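Read the structure below first, then the notes.
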Amino acid sequence: ASLISACMDAGIVIVFSDARHTPSGLALPFHRHHRQSAVAAVQLGLNLPLKKRLWQSIVATKIENQAACLEICGKSAEALRAMTKLVASGDPQNVEARAAREYWSLLFPEFIRSDEGDLRNKMLNYGYAVVRASVARALVASGLLPCIGLFHNSATNAFNLADDLVEPFRPIVDRLVFDLSEGGASSTNDLSLEYRQALAAVLNADTLVADEAVTTLIATEKASQSLVRAMESASPALLCLPRM
171 ASLISACMDA GIVIVFSDAR HTPSGLALPF HRHHRQSAVA AVQLGLNLPL
221 KKRLWQSIVA TKIENQAACL EICGKSAEAL RAMTKLVASG DPQNVEARAA
271 REYWSLLFPE FIRSDEGDLR NKMLNYGYAV VRASVARALV ASGLLPCIGL
321 FHNSATNAFN LADDLVEPFR PIVDRLVFDL SEGGASSTND LSLEYRQALA
371 AVLNADTLVA DEAVTTLIAT EKASQSLVRA MESASPALLC LPRM
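With the numbering used here applied, the sequence shown corresponds to residues 171 to 414, in that order.
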């Protein structure tokens, strides 16, 4: 307990995994921002139209990054590029889901995202958990309440906002998993230490935020800080998300 407390004092996020190395829990510090109550008040007072416009930006950027991921991996991205223009405020037509179906069929043909036995799914889930933890940490450090989301609103989820903001970061993980899976089949279907180390290093992967080259870790911080500015100014244009 004292070690975990020391990690919280140092601002360190701890991700817990089960016996199969699947992330199963998350611990992070709170009340680490000098304007915690002021920022939280703004967050809690957000009107629905602003939430929908922020979600529109998040979804459109996610699809743009999915298209970029496909192009980097040598796949056709024309269909996804066209879909980015269809995302409206709040994404009422659920373009995000339509894009996802097209995206996975192109990135990994005959791939089933829900197949827990597929090593690629294990790698994706592990990588997503790493980035989600970084996003959650950055949100708290920015004074935001991670349980209060823009789109995600589960009463049992302590990280609704992290699940919102992590979306544009997912293709960064996808590209890494594509590279790892193309590098050769594993002798087992287990998530090896080598794979876990490579996936944890996704936070060092390069990305762009406002045309500035930064690591994914720094991008989570910049995105969280810009989300506060966007909320306070009621301007979705101030939200700075990662671009591949």
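All residues carry an ideal CB built from backbone N, CA and C; glycine is no exception. Note that the coordinates shown come from a computational prediction; the quantities given were computed from them, not determined experimentally.
Does the structure place the stretch 213–231 close enough to the stretch 252–268 that three or more beta carbon pairs sit under 8 Å? Yes: at least three Cβ pairs fall under 8 Å.
May I ask you to report which of helix, strand or coil DSSP gives Arg413? For the purposes of this step, residue 413 is identified with residue 243 of the sequence shown, where counting begins at 1. In this structure, Arg413 counts as strand in the three-state DSSP scheme.
Would you report the Cα separation of Leu409 and Val305, rounded to the nearest angstrom? Within the sequence shown, the letter at position 239 stands for residue 409. Within the sequence shown, the letter at position 135 stands for residue 305. Between the alpha carbons of Leu409 and Val305 lies a gap of roughly 14 Å.
Could you pull the start and end residues of the alpha helix (DSSP H) that Thr390 belongs to? As a first step, residue 390 must be located in the sequence shown, where it is residue number 220. Looking at the DSSP string, the run of the alpha helix (DSSP H) that includes Thr390 is Thr386 to Ser403.
Could you check if Ser312 is buried or exposed, using at least 16 other CB atoms within 10 Å of its CB as the buried criterion? The residue labelled residue 312 in the question sits at position 142 within the sequence shown. Within a 10 Å sphere around the beta-carbon of Ser312 sit 16 or more other beta-carbons, which makes this residue buried.
Quick check on this structure: which residue in Leu218, Asn235, Asp261 and Gly260 has the alpha carbon closest to the alpha carbon of Ala249? Taking the sequence shown and counting its residues from 1, one reaches residue 249 at position 79. Ranked by how close their Cα comes to the Cα of Ala249, the residues Leu218, Asn235, Asp261 and Gly260 have Asn235 in first place.
Reduced DSSP category for Thr326 - H, G, I as helix; E, B as strand; rest coil: The count along the sequence shown starts at 1 and reaches residue 326 at position 156. The three-state secondary structure of Thr326, taken from DSSP, is coil.
Could you tell me whether the stretch 361–374 touches the stretch 285–295, where touching means 3 or more Cβ pairs closer than 8 Å? At 8 Å Cβ cutoff, the stretches touch.
Any 3 or more C-beta pairs closer than 8 Å across the stretch 374–381 and the stretch 398–413: Put simply, the stretch 374–381 touches the stretch 398–413. At least three CB pairs are less than 8 Å apart.
Could one say the Cβ of Thr254 lies closer than 8 Å to chain D's Cβ atoms, at least one of them? As a matter of chain content, chain D is missing from the structure shown, which is built from one protein chain.
Using beta-carbon positions only, say whether Gly297 and Val336 come within less than 8 Å of one another. To locate residue 297, count along the sequence shown from 1; it is residue 127. To locate residue 336, count along the sequence shown from 1; it is residue 166. Their beta carbons are not under 8 Å apart, which means Gly297 does not touch Val336 by this criterion.
Burial state of Thr386 (16 or more Cβ within 10 Å): Position 216 of the sequence shown, counted from the start, is the residue given in the question as residue 386. Looking at its Cβ environment, which holds 16 or more other Cβ atoms inside 10 Å, Thr386 is buried.
Three-state secondary structure assigned by DSSP to Val257: Start at 1 with the first residue of the sequence shown, and residue 257 comes out as number 87. Secondary structure of Val257 (DSSP, three-state): coil.
Using the Cβ count rule (16 or more neighbours within 10 Å means buried), how would you classify Asn261? Taking the sequence shown and counting its residues from 1, one reaches residue 261 at position 91. Reading the sequence as shown, one finds Asp at residue 261 and not Asn. So Asp261 ends up on the buried side.
Considering only DSSP beta bridges, list what Glu382 is partnered with. Indexing the sequence shown from 1 puts residue 382 at position 212. Partner(s): Val379.
Limits of the alpha helix (DSSP H) - the one that Ala176 falls within: As a first step, residue 176 must be located in the sequence shown, where it is residue number 6. Residues Ser172 to Asp179.
Is the beta carbon of Glu402 sitting closer than 8 Å to the one on Val212? Taking the first residue of the sequence shown as position 1, residue 402 is located at position 232. Taking the first residue of the sequence shown as position 1, residue 212 is located at position 42. A contact, by the Cβ cut-off of 8 Å.
For Leu314, which option in Ala180, Leu397, Ser227 and Pro406 has the closest C-alpha, if you only look at C-alpha atoms? In the sequence shown, residue 314 corresponds to position 144, counting from 1. It is Leu397 whose Cα lies nearest to the Cα of Leu314.
Phe281 to Val384 span [Cα, whole Å]: For the purposes of this step, residue 281 is taken as residue 111 along the sequence shown, with counting starting at 1. For the purposes of this step, residue 384 is taken as residue 214 along the sequence shown, with counting starting at 1. Straight across, the Cα-Cα distance linking Phe281 with Val384 is about 31 Å.
Check Cys239 in the structure and name its three-state DSSP category. The residue labelled residue 239 in the question sits at position 69 within the sequence shown. Note: Cys239 maps to helix in three-state DSSP.
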